[in-house]
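These notes concern the structure reproduced below.
There are 2 protein chains.
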Amino acid sequence: MRTVYVIGIGAGDPEHLTLQAVAAMNRVDVFFTIDKGEQKSDLAGLRAELLARHVPGPHRVVRARDPERDRDASSGRYAEAVADWQDRRAAIYERMIAGELGADGTGGFLVWGDPALYDGTLRILDAVRARGAVAFDVVSVPGISSVQALAARHRLVLNRVGRGFVVTTGRRLADEGFPPGVDDAVVLLDAAGAFAGLPDTDLDVYWGAYLGTPDEVLVSGDLQAVKARILAERAAHRARKGWIMDTYLLRRRR
Amino acid sequence: MRTVYVIGIGAGDPEHLTLQAVAAMNRVDVFFTIDKGEQKSDLAGLRAELLARHVPGPHRVVRARDPERDRDASSGRYAEAVADWQDRRAAIYERMIAGELGADGTGGFLVWGDPALYDGTLRILDAVRARGAVAFDVVSVPGISSVQALAARHRLVLNRVGRGFVVTTGRRLADEGFPPGVDDAVVLLDAAGAFAGLPDTDLDVYWGAYLGTPDEVLVSGDLQAVKARILAERAAHRARKGWIMDTYLLRRRR
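For the record, the sequence lines run as chains H and B.
At position 171 of the first sequence (counting the first as 1) the number is 172 in our numbering, and the numbers step up by one without a gap.
At position 45 of the second sequence (counting the first as 1) the number is 46 in our numbering, and the numbers step up by one without a gap.
Structure below.
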């Protein structure tokens, strides 16, 4: 039986790798990677560095092109646009797994952060299995997420004593405002800067970009006081590097 | 200047340790541990195993007794009971740091899971620094949390496409029911089995105990159909081992 590992490699610091991830990487015959174009070549470089450093044995790397995705879909069509893109990725993954792995072969995907947090790989592999053309087991290996890297760098505890918190997306924050029932919200995938549109005057923000890398930037303070600075940092770094990965915690003051 | 590392060591699997955690452990002169009595000796044993395996150089381990905590405080007094216990722990930490670390010494706390998730150590160290009797820097090192171990073992993605989720406590779930505004909730610290009291008939549960250890137990399915089985598993394992650490995801079916 084929096995496919989905291995979380952390938020950007090569030292985020777990011993479990290193061991899993060394059981993989074929690493599957999706080429996202020039923009994210820093990230592709880090993946290659991790392989060079931690996988001394023989292995192959197979590349495929990422299908185009409608990133401008309106809020109502977002899930639909993602589903469509996941269908096309499923076809690509199916071809790679069926074509490149022997009957007892082991494949691997190295994913940023944790496979369980805003990553599509596990879901796409479920779709491939449901298509029924190729059979394989899936093993998920947790990794340090950008949320955890953010908390560590700001020395934060994400929850307050006896309280819950929300993890959500920038799009949802823009559509619905600060989430109900909690005073703490972690926000990911906020390309549009939804935090800047919040009217709340009792929020602190703890923001970080390129967490765990030499480019790391951190800003924290009263949301209304620092939001312009965060927007400016985002624009400057995105212009310089061509991409940005950032996340933040919004915390209601008591 | 003194430095105190708060190092997440993962959810129970020694392979959860990150390379960063191993490096941090090797910079520590004195490891501080809090003795929680016989009950959790498995956990103390794993801590000792990690030190033996990964810290070949000279280091000391200093133990202190955990102050008593009022675990029967009513919901309204929970935060107060925790604050009182944290004050007493702060006094103990202050004595250990001031008494055992030289002026440039490095101390370390090894904490389960991630220091940012339902762990009191960072908060207590903030309280020690606020007392002003001993100065030190704090470095937080993220670790694989039980939430991530749970997701990996069930091969779950915690969020659904474009959606947020809540991380909360069993006590809050018991008091307030399923959280508003989301269809997915991760629950920790549920000693009383709050899931069993939920009236919702459209929830699936993904439960795990002793995640990442040889004693790991997993149950999943329709909440109403499997809740009795989870309660029975919890009771049996708690009776056998003297303690249990478990967590679960509640997911509303569409």
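For glycine and all other residues, C-beta sits at the position ideal for the given N, C-alpha and C.
Values in this document were obtained by computation on a predicted structure and should not be read as measured data.
Taking Cβ-Cβ distances shorter than 9 Å, what residues in chain H pair up with Phe166 (chain B)? Val167, Val168 and Thr169
Looking at chain B, is there any beta carbon in it that lies within less than 8 Å of the beta carbon of Val158 (chain H)? yes
What residue ranges within the segment 150–188 of chain B form continuous alpha helix (DSSP H) runs of no fewer than 4 residues, ordered along the chain? 171–177
Tyr6 (chain B) and Thr107 (chain B) closer than 8 Å at C-beta: Yes; because the gap between Cβ atoms is below 8 Å, this pair is in contact.
Opening and closing residue of the beta strand (DSSP E) in which Tyr249 (chain B) lies: Asp247 to Arg253
In chain B, which residues lie with their C-beta within 7 Å of the C-beta of Thr19 (chain H)? Glu16, His17, Leu18, Thr19 and Ile145
Name the chain H residues whose beta carbon is nearer than 7 Å to that of Leu123 (chain B)? Arg156 and Val158
So Ala65 (chain B) is in the beta strand (DSSP E); what residue range does that whole segment cover? Arg61 to Arg66
Please return the same chain residues whose Cβ sits closer than 7 Å to the Cβ of Gly194 (chain H), not counting the five positions on each side in sequence. Leu232 and Arg235
Report yes if the C-beta distance between Val188 (chain B) and Tyr249 (chain B) is below 8 Å; otherwise report no. Less than 8 Å divides the Cβ of Val188 (chain B) from the Cβ of Tyr249 (chain B).
Strictly under 8 Å for the Cβ-Cβ distance: is Pro68 (chain H) near chain B by that measure? By this cut-off, Pro68 (chain H) is not an interface position.
Inspect the CB distances between the segment 141–157 of chain H and the segment 21–34 of chain H and report whether three or more fall short of 8 Å. yes
Residues that Ser221 (chain B) contacts on chain H, provided the C-beta gap is smaller than 9 Å: In chain order: nothing, as chain H lies at least about 14 Å away.
Nearest residue (CA-CA) to Trp113 (chain H), options H:Asp203, H:His17 and H:Gly178: Closest by alpha carbon: H:His17.
Extent of the continuous alpha helix (DSSP H) to which Tyr79 (chain H) belongs: Run containing Tyr79 (chain H): Tyr79 to Glu101, per the alpha helix (DSSP H) assignment.
Count the other C-beta atoms from every protein chain shown that fall within 10 angstroms of the C-beta of Ala131 (chain B), then say buried if there are 16 or more, exposed otherwise. Residue environment analysis places Ala131 (chain B) among the exposed positions, since fewer than 16 neighbouring C-beta atoms fall within 10 angstroms of its C-beta.
Measuring CB to CB, does Leu159 (chain H) end up less than 8 Å from Asp120 (chain H)? For Leu159 (chain H) and Asp120 (chain H), no; Cβs fall outside 8 Å.
Give me the Cα-Cα distance between Pro59 (chain B) and Arg28 (chain B), rounded to the nearest whole angstrom. 10 Å
Does Ser147 (chain B) come out as helix, strand or coil in the three-state DSSP assignment? helix
Taking Tyr119 (chain H) as the query, report the chain D residues whose CB atoms sit under 7 Å from its CB, ordered along the chain. The structure shown has no chain D; the protein chains it does contain are H and B.
Between the Cα of Ala45 (chain B) and the Cα atoms of B:Trp244, B:Phe179 and B:Arg252, which residue gives the shortest distance? B:Trp244
Using a beta-carbon distance below 8 Å, is Gly163 (chain H) in contact with chain B? Yes, because at least one Cβ of chain B sits closer than 8 Å to the Cβ of Gly163 (chain H).
Please report the Cβ distance between Leu224 (chain H) and Phe196 (chain H), rounded to the nearest whole angstrom; I am assuming they are in contact, meaning their Cβ atoms lie under 8 Å. With 8 Å as the limit, Leu224 (chain H) and Phe196 (chain H) qualify as a contact, their Cβ atoms being about 7 Å apart.
Measure the alpha-carbon distance for Glu177 (chain H) versus Leu251 (chain H) and round it to whole angstroms. 15 Å
Can you give me the start and stop residues for the beta strand (DSSP E) that Arg3 (chain B) sits inside? Arg3 to Gly9
What number of angstroms, rounded off, separates the C-alpha of Ile8 (chain B) from the C-alpha of Ala136 (chain B)? 19 Å
Glu95 (chain H) classed as buried or exposed, judged by whether at least 16 other C-beta atoms fall within 10 angstroms: buried
Throw me the rounded Cβ distance for the Asp85 (chain H) and Lys37 (chain H) pair, which I believe falls under 8 Å. The pair is not a contact, with the Cβ atoms about 17 Å apart (cut-off 8 Å).
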